[in-house]
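Following: one structure in C-alpha cells, then a few remarks.
Protein chains: 2
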Amino acid sequence: MSAGNSDDKPNLRSIASLAGVSHMTVSRVLNGHPNIRPATREKVLRVVEELNYQRNSAARALATRKSRRIGVIVDRPVEIGPDSTLRAVEHAAREAGYSVSSVAASPDDDGVMPREAVDYLTAHGIDALCVIAPRASSVDVLRELTDGIPTLIVKADDDANFLTASVDQRLGATLAVQHLIDLGHREIVHVAGPLDWLDARARERGWHARLKRAGLHIPPAFVGDWSADSGYEFAVAFDELPPFTAIFAANDQMALGILHGFRERGIRVPEDVSVVGFDDLSVSRHFLPTLTTVRQDFHALGTLAVEILVAALEGDSTERRSRIAPELIIRESTASPRVM
Amino acid sequence: MSAGNSDDKPNLRSIASLAGVSHMTVSRVLNGHPNIRPATREKVLRVVEELNYQRNSAARALATRKSRRIGVIVDRPVEIGPDSTLRAVEHAAREAGYSVSSVAASPDDDGVMPREAVDYLTAHGIDALCVIAPRASSVDVLRELTDGIPTLIVKADDDANFLTASVDQRLGATLAVQHLIDLGHREIVHVAGPLDWLDARARERGWHARLKRAGLHIPPAFVGDWSADSGYEFAVAFDELPPFTAIFAANDQMALGILHGFRERGIRVPEDVSVVGFDDLSVSRHFLPTLTTVRQDFHALGTLAVEILVAALEGDSTERRSRIAPELIIRESTASPRVM
DNA sequence: GGGCACTATGTTCCCGGTAACGTCGCGGCG
DNA sequence: CGCCGCGACGTTACCGGGAACATAGTGCCC
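In order, the protein sequence lines correspond to chains A and B. Residue numbers for the first sequence follow this note's numbering, so the first one is 1 and each next one is one higher. Residue numbers for the second sequence follow this note's numbering, so the first one is 341 and each next one is one higher.
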C-alpha cells in the first residue's frame, strides 16, 4: 500500500527510460520479437517485473486494429447447457489470450435480438463472433450482419457462411431412440423444444429419422418450450393422448416435468412409460426415478469452438467444423414395456 | 453486399469532412454536448446514420482512460444462481452503456484464483469490478488487489473496503427455519454449503440464530458441497444420524439429493421428514415432492449491483449497499411432524 | 458604436501502443 | 581495404478518439 508509487500507471516509455532503451525495444521484448540481445531483454523484463507493468489493451487494440476479444451471443435464457458452454468459451479464450464479451437472452424474452446484439458487440470491438444455442431465425439474420467477422455458430449442419462446432444432436437423439427400440418399445413419442431452435430441430429430426428407419409409427411431436413446466403440462394431458410406451424428451428439464405430471396422474415410470432426457444435468441422476439421458460435454464444446475460431483468426485455419459425440447414460427411467 | 463501401470503416474525421465540419464537432454531437446548433447536429447525425458509423471503443478508452467495462468474477462453478446473476449484470451493464468481461470458475476447481482473475481483468481494462458468489478467502485476497478500482461484492455483510449488494441470506434462512418451527418442528438440521462461501455461512448463521432464539436444540450442521450428490450422501446416512424431523438445505440441489436419498431409504417427505431448500430453481416445483424453498431474485440482484457500481463510477454515489428480500415458497416438501 | 460575454466551432496536442523505416556497428568477403 | 548485409536497436508517424485552448460570429448594453 502506498509503496512509493508514482501516481500514474507505468507505460512503455517509462519502462524504456528506466531500462535505458527506447520504447520500441520494450515493445519488441514484450511481443517476443527475435532480434533482441538477451542482456537487453532481461534488463527490460526486470523493470517490467519491478513496476508490475501491464500493457494498455486499448492502446494496443487501437494500434493493431485487433481487440483480441471474442463476442458471444447466447440465444437461450439461463440454462445449464448454454451457460456451461459460455463459461467454457470464456475459459478457453482466456487461455488463448483472448477475452470474451457476451450478449445473452434475458429470462423474459425468448432469444436475443441478433441485430442489436451484433451492433453492441461490434461497437465494443470484437475480432470474432460465437453464437451459442441459436435459433434458426437468428442464424438467418446473422448471415448478413457478420460480414468480415469470422463467425462460429454452435450447430451441427455445415454452413457455407459460418464456422461450426457442436455436439452431434442427431446422433444423441438416435442413441436415445435406439435405446428405447432396443428395450422393445414400438410407440415412442417426442417432446420437442421450440422448433425455431436448431438444437430442438436436430433432436426432432434424429428421433424422426430413427423411427422411420425402424419402420415404426411416427406420431406428431409435442412441442414444449424447454421448461419443466411444459413437460408437466404434456404429462398431465396423458389421458387425452394417443397411446405410447416411451417418451424421448428434448431436454432433462422437460423430462423432469413429465416425471412430475405422470406421478400426479398415477402413471409409473418406467413401468408404464419410459422416459429419456437430453443434456445430463448434474441433478438428473437424482430425479425420481433417476433419468436416462444423453450427456453432452459442454466444456469440450466451448473449448472446441474457441480452437476453431482462434485458428481462423490466426491463419492456421485447418478445420472449419467439428462435432463432438454425445453419450447415452442409462438410469432408472427406462425399461422394457410391459407385455400388453 | 459490396454496396460501394470505401474499404475502411468510417471514423470521426471522415464523418466530419462529409458533414463539412471539424472532427471535434462530430465528437461533441455524439457525446451530447450542449453548445451545438440543431442544424449542425442534424447534419452530422445524418451522415453518421448514412455511413452506419460506430465509434471506436478502443480509441475512446485510450483517450478517456475509461473502458466503460465492468469486470465480473464468478467464484462458483456453473450453477443457475450465479449464472443468472451474471447474466443480469451483463444485461444491466449493457443498458447502462457498459460492457462486461468475466472470469468464472471452471467445473474442475472450486473457485477462481483471485490474483490471476484480477490481473487478467485489469490487463484488459476495467473501470469497476463485481464479484459474484464469493468465498471468504477470495474476499480477503481481493482487499489488497483492488486498490483504486471500485469493487462490489455480492455479499450481505457491510464491508469498509467494498460496495456490497445481495439477497438477504440470513433473512432467507430465517424464513425457512421459521416456517419449520411454525409447523411444529423441534429438531431442525441444516445441510450447509462449504463454509468458505459467504452465502453458505450466512445461511448457516441464519439457521443457527433462529434456532437459538427459539431455544431449540442446535445440532451440528452437515457440510455439503452444493451438489445434489452431497445431499444424497447425507440422506442415505440417515440411520446413523441423530434424530430430526426437518431439514433446511442450503440450496435446492442438495435438497434434491436429499429427496433422492430418502426415497431410497424409504423415508417419506414430508410425512417423516420435512425439507426446505434455497434458491427456487425453475425445476424445484417439479421435484417429487415439489420443494418448499426460499426464492432469490437473481435478476434484481444483478440489476442492483450494476446500479450501485455505475452510481459509484459516475459520481452520484448514493447507496453503498443494499439488500433484496427473499421470499419463502411453500410447496409439498414440508408439513407438520407426526405426533411421536 | 465599441467593448463584452457568450455560443458555436476549429486547432493542436495527447492517450499508449505498433508499423515502417532509418541508423549504426560489426563481421565476412572479394 | 572497402563494400555489403544483417543484427540490434532508435525515430517518426499513425491508430481514432477527446481535452484544452483558440477563434470567429452574435446579441446586448451603456
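No residue lacks a Cβ here, since even glycine has one placed at the ideal position from N, Cα and C.
>> I'd like to know if arginine 13/A contacts chain B, where contact means its C-beta is closer than 9 angstroms to some C-beta of that chain.
In response: Not an interface residue.
>> Is asparagine 396/B close to chain A? Criterion is C-beta to C-beta, closer than 9 angstroms.
In response: Closer than 9 angstroms to some Cβ of chain A, the Cβ of asparagine 396/B qualifies, so yes.
> What is the DSSP secondary structure of glutamate 435/B, reduced to helix, strand or coil?
Replying inline: Looking at glutamate 435/B - three-state DSSP - the assignment turns out to be helix.
> Does the beta carbon of glutamate 430/B sit closer than 9 angstroms to a beta carbon anywhere in chain A?
Replying inline: It does: the Cβ of glutamate 430/B has a partner Cβ on chain A nearer than 9 angstroms.
> Residues in its own chain within less than 7 angstroms of serine 662/B by CB, not counting five upstream and five downstream?
Replying inline: Only Ala505, Leu644, Ile648 meet the Cβ criterion.
> Going by other Cβ atoms of all chains shown within 10 Å of its Cβ, with 16 needed for buried, is aspartate 158/A buried or exposed?
Replying inline: It counts as exposed.
> Using the C-alpha atoms, what's the distance from alanine 468/B back to asparagine 371/B?
Replying inline: When the Cα atoms are used, asparagine 371/B and alanine 468/B turn out to be separated by approximately 22 angstroms.
> What residues in the region 105-137 of chain A bring their beta carbon closer than 7 angstroms to a beta carbon of chain B?
Replying inline: Along the region 105-137 of chain A, the positions whose C-beta sits under 7 angstroms from a C-beta of chain B are Ser106, Pro107, Tyr120, Thr122, Ala123, His124, Gly125, read in chain order.
>> I want to verify the contact list: residues of chain A whose CB lies under 7 angstroms from the CB of valine 418/B, in sequence order.
In response: Chain A residues near valine 418/B: Ile80, Asp83, Ser84, Arg87.
> Shortest alpha-carbon distance to threonine 633/B belongs to which of Gly606/B, Thr674/B, Ser442/B?
Replying inline: It is Thr674/B whose Cα lies nearest to the Cα of threonine 633/B.
> When you check each C-beta in the region 620-645 of chain B against every C-beta of chain A, which residues fall closer than 7 angstroms?
Replying inline: Residues Ser622, Val623, His626, Leu628, His639.
> Using a C-beta to C-beta distance shorter than 8 angstroms, which residues of chain A count as neighbours of leucine 402/B?
Replying inline: Residues of chain A passing the Cβ test: Asn56, Ala58, Ala59, Leu62.
> Would you report the Cα separation of histidine 431/B and glycine 20/A, rounded to the nearest angstrom?
Replying inline: Going by the C-alpha atoms only, they are around 47 angstroms apart.
> Quick one, are the C-beta atoms of phenylalanine 262/A and aspartate 252/A less than 9 angstroms apart?
Replying inline: With respect to the 9 angstroms criterion, phenylalanine 262/A and aspartate 252/A are not classified as neighbours on the basis of their beta carbons.
>> Using beta carbons (cut-off 9 angstroms, strictly below), is serine 101/A in contact with chain B?
In response: At least one C-beta of chain B is nearer than 9 angstroms to the C-beta of serine 101/A.
> Which runs of the alpha helix (DSSP H) fall wholly inside the region 227-278 of chain A and span at least 4 residues, in chain order?
Replying inline: As far as the region 227-278 of chain A is concerned, its whole alpha helix (DSSP H) runs of at least 4 residues are 228-236, 252-265.
> Going by other Cβ atoms of all chains shown within 10 Å of its Cβ, with 16 needed for buried, is histidine 626/B buried or exposed?
Replying inline: Taking all protein chains shown into account, histidine 626/B has 16 or more neighbouring C-beta atoms within 10 Å of its C-beta and is therefore buried.
>> I'd like to know whether the C-beta atoms of arginine 427/B and serine 106/A end up nearer to each other than 9 angstroms.
In response: Taking 9 angstroms as the cut-off, the Cβ atoms of arginine 427/B and serine 106/A count as close.
>> Rounding to the nearest angstrom, what Cα-Cα distance links serine 567/B and isoleucine 466/B in this structure?
In response: Spanning the two alpha carbons is a distance of roughly 33 angstroms.
> Residues of chain B with a CB under 7 angstroms from the CB of glutamine 169/A: which are they?
Replying inline: Listed along chain B is no residue with a C-beta nearer than 7 angstroms to that of glutamine 169/A; the closest approach is about 20 angstroms.
>> So if I threshold CB-CB distances at 8 angstroms, which residues from the region 250-274 of chain A count as touching chain B?
In response: Within the region 250-274 of chain A, the residues whose Cβ lies closer than 8 angstroms to some Cβ of chain B are Gln253, Leu256, Gly257, Leu259, His260, Arg263, listed in chain order.
>> DSSP three-state label for valine 650/B, please.
In response: For valine 650/B, the three-state secondary structure derived from DSSP is helix.
>> Using 9 angstroms as the threshold, is the C-beta distance between alanine 542/B and glutamine 518/B below it?
In response: In terms of Cβ geometry, alanine 542/B and glutamine 518/B do not form a close pair [threshold 9 angstroms].
> Taking Cβ-Cβ distances shorter than 9 angstroms, what residues in chain B pair up with tyrosine 232/A?
Replying inline: Listed by position along chain B, the residues whose Cβ is nearer than 9 angstroms to that of tyrosine 232/A are Arg625, His626.
> Is it right to say aspartate 569/B is buried, meaning 16 or more other beta carbons lie within 10 angstroms of its own, or is it exposed?
Replying inline: With 16 or more Cβ atoms within 10 Å of its Cβ, aspartate 569/B is classed as buried.
>> What are the residues in the region 15-49 of chain A lying within 9 angstroms of chain B by C-beta distance?
In response: Those residues of the region 15-49 of chain A that come within reach of chain B (Cβ to Cβ, closer than 9 angstroms) do not exist; the list is empty.
>> Against chain A, does arginine 409/B count as a neighbour if the rule is that its beta carbon must be under 9 angstroms from one of theirs?
In response: Chain A contact via Cβ: present.
> Does the region 396-407 of chain B come close enough to the region 54-65 of chain A to have 3 or more Cβ pairs within less than 8 angstroms?
Replying inline: Between the region 396-407 of chain B and the region 54-65 of chain A there are three or more C-beta pairs closer than 8 angstroms, enough to call the two in contact.
>> Let's see if you can read the secondary structure: which residues bound the beta strand (DSSP E) around serine 166/A?
In response: Serine 166/A -> beta strand (DSSP E) spans 163-167.
> Along chain A, in chain order, which residues have C-beta atoms closer than 9 angstroms to that of arginine 434/B?
Replying inline: Within chain A, the residues Val103, Tyr120 have their CB atoms less than 9 angstroms from the CB of arginine 434/B, given in chain order.
>> For the region 206-234 of chain A, list every residue whose C-beta sits within 9 angstroms of some C-beta in chain B, in sequence order.
In response: Within the region 206-234 of chain A, the qualifying residues are Ser227, Ala228, Asp229, Gly231, Tyr232.
> Is it true that the CB of phenylalanine 248/A sits closer than 9 angstroms to the CB of leucine 180/A?
Replying inline: Going by beta carbons, leucine 180/A and phenylalanine 248/A fall inside the 9 angstroms limit.
> Residues in its own chain within less than 8 angstroms of proline 150/A by CB, not counting five upstream and five downstream?
Replying inline: Answer for proline 150/A: Asp127, Ala128, Leu129, Leu163, Leu309, Ala312, Leu313, listed in chain order.
> In terms of alpha-carbon separation, which member of Thr630/B, Asp348/B, Tyr393/B lies closest to serine 367/B?
Replying inline: Out of Thr630/B, Asp348/B, Tyr393/B, the CA that lies nearest to the CA of serine 367/B is found in Tyr393/B.
> Thinking C-beta only, is glutamate 187/A closer than 9 angstroms to leucine 242/A?
Replying inline: At residue 242/A the sequence reads proline, which differs from the leucine that was named. It is a contact, given that the beta carbons lie within the stated cut-off.
> Between which two residues does the beta strand (DSSP E) harbouring isoleucine 70/A extend?
Replying inline: Judged by DSSP secondary structure, isoleucine 70/A falls within the beta strand (DSSP E) whose first and last residues are 69-74.
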